[in-house]
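*Asks:* Order-wise, the sequence lines are chains A and B.
Using this note's numbering, the letters of the first sequence map in sequence onto residues 723 to 836.
Using this note's numbering, the letters of the second sequence map in sequence onto residues 336 to 450.
For each residue, glycine too, the CB sits at the ideal point set by N, CA and C.
Values in this document were obtained by computation on a predicted structure and should not be read as measured data.
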Amino acid sequence: DTEVTQTPKHLVMGMTNKKSLKCEQHMGHRAMYWYKQKAKKPPELMFVYSYEKLSINESVPSRFSPECPNSSLLNLHLHALQPEDSALYLCASSQDPDRGGPQHFGDGTRLSIL
Amino acid sequence: QKEVEQNSGPLSVPEGAIASLNCTYSDRGSQSFFWYRQYSGKSPELIMSIYSNGDKEDGRFTAQLNKASQYVSLLIRDSQPSDSATYLCAVNEGRFSGGYNKLIFGAGTRLAVHP
């Protein structure tokens, strides 16, 4: 079990659906991250939130829309996804955005696009 | 382009042996270095952090850092079949101003420990 909780664990959706991935941490961390990971590849950074503000968007297509309602929650809204978006989506958090501390990952959401 | 290089493996070692995993990085400004273990189908799990030159030991794991050579390694003593996983080297991008903390990941080394 990890201290970063992601829901749902699995999600199957059609290309016209709208769904959301959720991430929650109660460690008081002030930076939160979304990553995408394909099989046999390292995690690929998508978004970084620092102090609840979007700091980095790694040129992610607009069909992915992040949201940080408060310092403990991070959402990823999905709309009109493509089959190539099928992957493991990982949320992570770190204590201080201005220091180089470790990132702690949740268990991930395995997303399949039909 | 900032890079982290790892041998993809597989690295095959017998049970009880020492497994040695290596990583080089390109950004001389990097200050923080991490090793993550990832089992197939699972998420990465932090196993070691190292910030200064030298060795850091935690149980069966030893991380080694040489900033002059831009080299990080992980030694696993008394390797067990349960250590079979992909090991990801991750290096902080060498600046923290602007309020973000970005990790650059290597491609990972697959370790197989056989009985």
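1. Strictly below 7 angstroms CB to CB, what residues from chain B border A:F827?
2. Cα separation between A:Y771 and B:L381?
3. Does B:D418 come out as helix, strand or coil in the three-state DSSP assignment?
4. What residues of chain B sit near A:P788, judged by a beta carbon separation below 7 angstroms?
5. I think B:R445 touches B:I353, with their Cβ atoms under 8 angstroms apart; what is that distance to the nearest whole Å?
6. Listed in chain order, which residues of the region 746-770 of chain A have Cβ atoms closer than 7 angstroms to some Cβ of chain B?
7. Hey, quick one: how far does the beta strand (DSSP E) through B:E392 stretch, first residue to last?
8. What does B:S384 touch in chain A if you count any residue whose Cβ is under 7 angstroms from its own?
9. Taking 8 angstroms as the cut-off, does the region 342-349 of chain B touch the region 398-406 of chain B (at least 3 CB pairs, one atom from each stretch)?
10. Using 8 angstroms as the limit for Cβ to Cβ distance, is B:A442 near chain A?
11. Ignore the nearest five residues each way along the sequence and tell me which others in A:F786's own chain have a CB closer than 7 angstroms to its CB.
12. Fully enclosed by the region 336-396 of chain B, which alpha helix (DSSP H) runs are 4 residues long or longer?
13. List the residues of chain B whose Cβ lies closer than 7 angstroms to the Cβ of A:S816, in chain order.
14. Here's the rule I'm using: 16 or more other beta-carbon atoms within 10 Å means buried, otherwise exposed. How should A:P764 be labelled?
15. Taking any Cβ of chain A, which residues in the region 336-369 of chain B have a Cβ under 7 angstroms from it, in chain order?
16. Compute the beta-carbon to beta-carbon distance between B:Y422 and B:G443, rounded to the nearest angstrom, for a pair I have assumed lies under 8 angstroms.
17. Does DSSP classify A:P764 as helix, strand or coil?
18. Give the range of the beta strand (DSSP E) segment to which A:K758 is assigned.
19. Pull up the DSSP beta-bridge partners for A:L836, would you.
*Replies:* Answer, in terms of the structure:
1. The contact set of A:F827 on chain B, defined by CB atoms closer than 7 angstroms, consists of S378, P379 in chain order.
2. One C-alpha to the other measures close to 20 angstroms.
3. Assigned with DSSP and collapsed to three states, B:D418 falls in helix.
4. Within chain B, no residue comes near A:P788; the closest Cβ sits about 14 angstroms away, beyond 7 angstroms.
5. Their Cβ separation, rounded to whole angstroms, is 17 angstroms, which puts B:R445 and B:I353 out of contact at 8 angstroms.
6. So the close ones are A753, P764, P765, L767, V770.
7. Note, B:E392: beta strand (DSSP E), 389-393.
8. Correct list: P824.
9. In short, these stretches do not touch, since the Cβ pair count stays below three.
10. Contacts with chain A at 8 angstroms (Cβ-Cβ) include B:A442.
11. Hits under 7 angstroms: M768, L798, L800.
12. Secondary structure in the region 336-396 of chain B: no alpha helix (DSSP H) run of 4 residues or longer lies completely within the stretch.
13. Using a Cβ-Cβ cut-off of 7 angstroms, A:S816 is close to N436 of chain B, given in chain order.
14. By the neighbour-count rule (16 or more Cβ atoms within 10 Å), A:P764 is buried.
15. Shown in chain order are the members of the region 336-369 of chain B whose Cβ falls below 7 angstroms from a Cβ of chain A: Q366, S367, F369.
16. Right, their Cβ atoms sit about 6 angstroms apart.
17. Coil.
18. That run of the beta strand (DSSP E) goes 753-759.
19. Within the DSSP secondary-structure output, A:L836 pairs in no beta bridge.
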